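Asker: Protein chains in written order, with the working numbering: chain A, 47 to 509; chain B, 27 to 310.
Ideal placement from N, C-alpha and C gives every residue a C-beta, glycine not left out.
None of the values given here were measured: they were computed from a predicted structure.
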Amino acid sequence: MNKDISKTPPTVVGERFFTVEAFKYGDNITRLSALVFGLGNLLRGQAVRFALYIAAELGYIIYMAFFGVQAIANLGTLGTLTQSSVFDEAQGIYVTMPGDNSMLILLYGVVSILITLGFLCVMASSVRSAYVAQKALERNRKPDDFSTDAKSLLDTNLYKLLMAWPVTGILVFTVVPLVFMILIAFTNYDKNHQVPGNLFTWVGLENFKAMFSFGSTGLGSTFFPVLAWTLIWAVFATFSNYILGMILAIIINRNGTRLKSFWRFVFVLSIALPAFVSLLTMRTIFANSGPFNTLLMQLGIIKNPVVWWGDPTRAKIMIIIVNIWIGIPYTMLTTTGILQNIPAELYEAATVDGASPAVTFFKITLPYMMFIMTPYLITAFTGNINNFNVIYLLTGGGPESLDYYYAGKTDLLVTWLYKLTITNKDYNLGSVIGILVFVLMAVTSLIAYRQTGSYKNEEEFQK
Amino acid sequence: MKSRKFWVNSLVHVILAVLGGIWILPIVFAVLTSFRAESGAEKTYIIPKAFTLANYQRLFTIETGGLNYARWFGNTVVVAIFSCVLSAFFILCVSFALSRMRFRMRQPFMNVALILGMFPGFMSMIAVYYILKGFGFLETGATSLVALVLVYSGGAGLGFYVTKGFFDTIPKSLDEAAFLDGCTKWQVFTKVTLPLSMPIAVYTLITSFMAPFTDYIFARVILGQNRDYYTIAIGLWTMLEQEFIEQYYTRFFAGCILISIPIAILFLLTQRFYTDSMSGAVKG
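(1) So, at 6 Å on beta carbons, what are the nonlocal neighbours of Lys509 (chain A) in its own chain, with the 5 sequence-adjacent residues on each side left out?
(2) Measure the CB-CB distance between Asn94 (chain B) and Ile88 (chain B) and report whether it falls below 8 Å.
(3) Shorter than 8 Å from the beta carbon of Trp211 (chain A) to some beta carbon of chain B?
(4) Under 8 Å, Cβ to Cβ, is there at least one residue of chain B near Phe322 (chain A)?
(5) Please report how far the alpha carbon of Gln92 (chain A) lies from the alpha carbon of Val188 (chain B), in whole angstroms.
(6) Nearest-angstrom Cα distance between Trp371 (chain A) and Leu463 (chain A)?
(7) Is there a C-beta anywhere in chain B that falls below 8 Å from the one on Trp309 (chain A)?
(8) Which residues, in order along the region 332-347 of chain A, keep a beta-carbon less than 7 Å from a beta-carbon of chain B?
(9) Taking C-beta to C-beta, are Gly183 (chain B) and Gly215 (chain A) nearer than 8 Å?
(10) Per DSSP, what kind of secondary structure is Thr469 (chain A) in: helix, strand or coil?
(11) Pick from B:Leu42, B:Asp254, B:Tyr300, B:Ile48: whose alpha carbon is nearest that of Ser170 (chain B)?
(12) Excluding the 5 residues preceding and the 5 following Ile481 (chain A) in the sequence, name in chain order all residues of the same chain whose CB lies nearer than 8 Å to its CB.
(13) Quick one: is Asn350 (chain A) near chain B, going by C-beta distance under 8 Å?
(14) With C-beta atoms as the reference, is Ala179 (chain A) less than 8 Å away from Arg90 (chain A)?
(15) Curious, which full-length alpha helix (DSSP H) runs of at least 4 residues does the region 81-136 of chain A contain?
(16) For Leu79 (chain B), count neighbouring C-beta atoms within 10 Å of its own C-beta (all shown protein chains included) and say buried if the count is 16 or more, exposed if not.
(17) Restricting to Cα atoms, I'd like to know which of A:Pro337, A:Gly476, A:Ile331, A:Ala396 is closest to Tyr451 (chain A).
(18) Kindly provide the ranges of any alpha helix (DSSP H) runs that are 4 or more residues long and lie completely inside the region 130-206 of chain B, ordered along the chain.
(19) Quick one: what does DSSP say Phe192 (chain A) is sitting in, helix, strand or coil?
(20) In three-state terms, what does DSSP make of Ile88 (chain B)?
(21) Specify the secondary structure class of Gly454 (chain A) as computed by DSSP and reduced to three states.
(22) Would you grab the beta carbon distance between Tyr178 (chain B) and Pro238 (chain B) for me? Rounded to a whole angstrom, and I think it's under 8 Å.
(23) Could you check where the beta strand (DSSP E) with Tyr71 (chain B) kicks off and where it finishes?
(24) DSSP state of Phe507 (chain A), grouped into three classes?
(25) Give the secondary structure of Trp354 (chain A) by DSSP, where H, G and I count as helix, E and B as strand, and everything else as coil.
(26) Exposed or buried, what is Ser158 (chain A) when buried is set at 16 or more other beta-carbons lying within 10 Å of its beta-carbon?
(27) Are the beta-carbon atoms of Ala63 (chain B) and Ala76 (chain B) separated by less than 8 Å?
(28) Mind checking Lys455 (chain A): buried by the 16 CB within 10 Å criterion, or exposed?
(29) Below 8 Å on the Cβ atoms is my guess for Ala68 (chain A) versus Tyr177 (chain A); work out the distance and round it to an integer in Å.
(30) Excluding the five sequence neighbours on either side, which residues of its own chain have a C-beta within less than 6 Å of the C-beta of Gly444 (chain A), listed in chain order?
(31) With 7 Å as the C-beta to C-beta threshold (strictly closer), list the residues of the region 137-166 of chain A near chain B in chain order.
(32) Going along chain B in order, which residues have a C-beta closer than 8 Å to the C-beta of Gly302 (chain A)?
(33) Three-state secondary structure (DSSP) at Thr142 (chain A)?
(34) Per DSSP, what kind of secondary structure is Ser52 (chain A) in: helix, strand or coil?
(35) Trp355 (chain A) and Phe332 (chain A) look like a contact to me (Cβ under 8 Å); what is the Cβ gap, rounded to whole Å?
(36) I'd like to know if Asp191 (chain A) contacts chain B, where contact means its C-beta is closer than 8 Å to some C-beta of that chain.
Structure follows, in structure tokens:
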């Protein structure tokens with residue numbers, strides 16, 4: 047094969063494979079840049095770039111030598127030395143000898159692995175940078191100096207400048223914690239293995255098995271009812287709000303209704319209360335000796351107070367009703383605008399054909415609304431699966447049940463997750479629930495979003 | 027035919043009146059109770075025997091061993107200001123980069139953001155808690171409020187959807203015209219895109235400003251037990267605890283009404299800016 051041709055890079059190379067290309071067609075200095083970061087830049091007159099690359103490499107080597115290697119090695123066992131009490135002869139008392147802290151070991155391990163991944167990215171970038179410099183020289187151009195590089199940050203490379211801080215924030219506050227918590231699902235970090243007194247270790251899929259199995263050690267008898275209620279709740283909460291809100295909007299919008307803006311104002315007024323305020327207010331209103339029971343007793347409808355939150359079925363119905371109270375005004379606001387946009391000809395044609403209001407609703411209004419509001423419905427549905435506030439602030443998940451493992455009859459998966467982690471310190475189980483909720487959300491949204499046009503044609507929309 | 031229409035209309039108005047009553051009564055109850063002169067929690071009557079403004083005044087007087095509403099309000103406002111500025115900055119930067127630039131990690135970043143968004147928000151709270159504790163943020167009340175700002179705004183860059191969608195609607199020809207005039211991308215961002223995006227920028231600012239007022243769980247985990255450093259949401263929740271409910275029941279409602287007013291105004295503003303921004307950046 048002709049050597050010259052093999053040295054010529056393909057004309058169109060996807061950016062994705064740029065590093066591979068650099069390795070394939072770069073000279074030896076370029077390849078060596080993977081070992082000594084910035085070497086290619088140094089030899090081609092980009093001293094500042096070299097300094098930055100080599101500083102990153104040295105920093106990483108020092109970090110790994112003093113800390114990182116050990117941190118990653120510890121991941122295998124998550125610590126071996128249990129904290130213990132040793133009798134100190136000289137002082138005549140028991141002294142606590144510090145042991146390994148499994149939680150910190152896991153955290154440092156995750157951080158070290160992420161730093162290593164970052165290091166690999168810098169390595170690739172070093173090779174690419176050397177290759178770019180090499181090509182510039184081959185074309186008899188001077189490689190960019192540092193001030194040009196710095197200026198490009200405000201222009202062609204602006205995205206680096208813009209993304210740097212937000213991505214750092216996302217890494218520290220979302221990615222690292224999430225990876226850490228996902229790993230916890232595969233350990234026995236529960237209330238019997240609390241740090242720093244005890245160690246916890248890897249247990250594989252034990253927690254998942256426990257979650258799905260019944261019997262004395264299994265949590266299936268809690269998990270499945272809670273899952274079922276979560277789904278029932280999400281379906282009812284989403285569709286009751288949607289349908290009833292729409293009907294309300296239609297009733298207010300219809301021709302015969304007087305004082306349209308007055309009625310809208312009446313219903314929108316409740317939006318003025320922040321959701322947590324409405325929820326806490328509702329909780330007190332339906333308390334055992336709260337105003338609602340008082341009112342019913344004064345009217346003589348009931349003799350003794352009705353327990354609204356204490357009975358599982360009644361509490362569930364009440365939660366859905368209160369949620370309707372809170373949610374309908376929002377739906378009404380969103381749907382009013384869309385309703386007014388439905389072409390009037392459709393309705394006129396229907397009237398001419400003698401369609402009854404019910405037929406008009408089911409054949410014209412509902413299909414039209416469904417078409418426009420499907421993405422809204424999906425968001426609402428997934429939001430309701432994770433609707434922590436409504437449950438936690440109304441019933442706290444209660445009434446408590448002895449059949450369940452630290453869950454009440456109205457607990458959703460998320461509030462159970464909260465109780466397991468914050469109150470009960472069974473972090474491993476909480477983490478399993480979190481992963482299962484993720485699966486639930488992912489399945490729902492993938493099925494739904496794949497259908498919407500905005501997902502498929504993102505680029506088409508931009509002119 | 028005409029009488030049938032009359033009856034239908036009457037029926038509709040009766041239904042609306044009943045429903046309206048159901049929607050108004052809880053609010054009326056909350057307002058009435060906030061002005062109730064008799065202390066104590068639940069009564070055997072609903073309409074107060076005497077009215078007073080004292081519940082509102084006492085929210086702002088400091089009592090030893092008591093709950094300090096004014097202080098909570100101050101805490102929340104400070105947290106909200108810092109976190110909304112940081113969040114809005116993050117969101118605008120990410121949205122512009124994703125909407126206007128094409129780079130290698132663009133699609134992977136958007137996919138990762140989609141996946142991250144599907145985990146329950148506070149699943150990672152335990153790890154965040156220990157990370158913040160490790161950095162020493164949770165030692166004192168004041169630094170735990172800083173920690174709360176970081177929690178609210180740290181991952182904000184993931185909430186780019188609405189803003190990016192808005193930037194996408196700004197015609198690219200505007201950018202190109204600016205490039206021809208010798209603008210850098212940074213200048214396009216600050217001089218073309220941002221001025222055209224005022225409604226959405228304000229919308230982003232206000233929504234992130236309102237979050238700390240209504241968030242309950244994150245604050246609960248981060249802020250610990252020191253009541254002086256509570257935010258308004260956990261503070262009001264505390265008023266309903268066994269220990270305080272008898273003494274603070276009426277003040278709880280006063281506090282709720284008081285906090286609702288600014289939030290309602292902000293909510294109305296977001297609606298306006300949201301509608302404005304949905305009608306597109308460049309008109310006619």
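Answerer: In brief:
(1) For Lys509 (chain A), the predicted model reports a pLDDT of 40, less than 50, meaning its position is unreliable; a value from the coordinates is still stated below. Correct list: empty, nothing qualifies.
(2) Ile88 (chain B) sits close to Asn94 (chain B), with the two beta carbons spaced by under 8 Å.
(3) Contact of Trp211 (chain A) with chain B is assigned, a C-beta pair being separated by under 8 Å.
(4) Taking 8 Å as the CB threshold, Phe322 (chain A) lines the interface with chain B.
(5) Rounded to whole angstroms, Gln92 (chain A) to Val188 (chain B) spans 41 Å at the Cα level.
(6) In this structure, the CA atom of Trp371 (chain A) is about 26 Å from the CA atom of Leu463 (chain A).
(7) True, the Cβ-Cβ gap to chain B drops below 8 Å.
(8) Within the region 332-347 of chain A, the residues whose Cβ lies closer than 7 Å to some Cβ of chain B are Ala333, Ser335, Gly336, Pro337, Thr340, Leu341, listed in chain order.
(9) In contact: Gly183 (chain B) and Gly215 (chain A) (Cβ atoms closer than 8 Å).
(10) DSSP places Thr469 (chain A) in helix when its eight states are reduced to three.
(11) Of the residues B:Leu42, B:Asp254, B:Tyr300, B:Ile48, the one whose Cα lies closest to the Cα of Ser170 (chain B) is B:Asp254.
(12) Exclusion of the five residues before and after Ile481 (chain A) leaves Ile228, Ala231 as the residues of its chain whose Cβ lies within less than 8 Å of its Cβ.
(13) At a cut-off of 8 Å, the C-beta of Asn350 (chain A) has no neighbouring C-beta in chain B.
(14) Here Ala179 (chain A) is near Arg90 (chain A), since their CB atoms are less than 8 Å apart.
(15) Here the runs fully enclosed are 85-89, 93-109, 115-120.
(16) Exposed, by the Cβ-count rule.
(17) The option with the nearest alpha carbon to Tyr451 (chain A) is A:Gly476.
(18) Taking only runs of at least 4 residues, the alpha helix (DSSP H) segments lying wholly in the region 130-206 of chain B are 132-142, 151-160, 167-180, 187-195, 198-206.
(19) The three-state reading of DSSP puts Phe192 (chain A) in helix, counting H, G and I together.
(20) Note: Ile88 (chain B) maps to coil in three-state DSSP.
(21) Reduced to three states, the DSSP call for Gly454 (chain A) is strand.
(22) By a beta-carbon distance limit of 8 Å, Tyr178 (chain B) contacts Pro238 (chain B). Their separation comes to about 6 Å.
(23) Neither: Tyr71 (chain B) is in no beta strand (DSSP E) and is coded neither H nor E.
(24) Note that Phe507 (chain A) scores 44 on pLDDT, short of 50, meaning its location in the model is unreliable; the coordinates nonetheless yield the value given after this. Correct three-state label for Phe507 (chain A): helix.
(25) Three-state result, Trp354 (chain A): coil.
(26) The residue is buried, with at least 16 neighbouring Cβ atoms inside 10 Å.
(27) Taking 8 Å as the Cβ cut-off, Ala63 (chain B) and Ala76 (chain B) qualify as a contacting pair.
(28) Counting Cβ neighbours within 10 Å, Lys455 (chain A) comes out buried, since at least 16 surround it.
(29) Contact check for Ala68 (chain A) and Tyr177 (chain A): beta-carbon distance about 4 Å, within the 8 Å limit, so the pair qualifies.
(30) Answer for Gly444 (chain A): Gly454, listed in chain order.
(31) Per Cβ criterion, the list reads Met149, Leu153.
(32) Contact note: Gly302 (chain A) reaches chain B through Lys31, Val34, Asn35, Val38, using a C-beta cutoff of 8 Å and chain order.
(33) Reduced to three states, the DSSP call for Thr142 (chain A) is strand.
(34) Unreliable placement is indicated for Ser52 (chain A), whose pLDDT of 40 sits below 50; no coordinate value is reported for it.
(35) Right, the Cβ-Cβ distance comes to about 7 Å (below 8 Å), so this counts as a contact.
(36) No, its Cβ sits nowhere closer than 8 Å to a Cβ of chain B.
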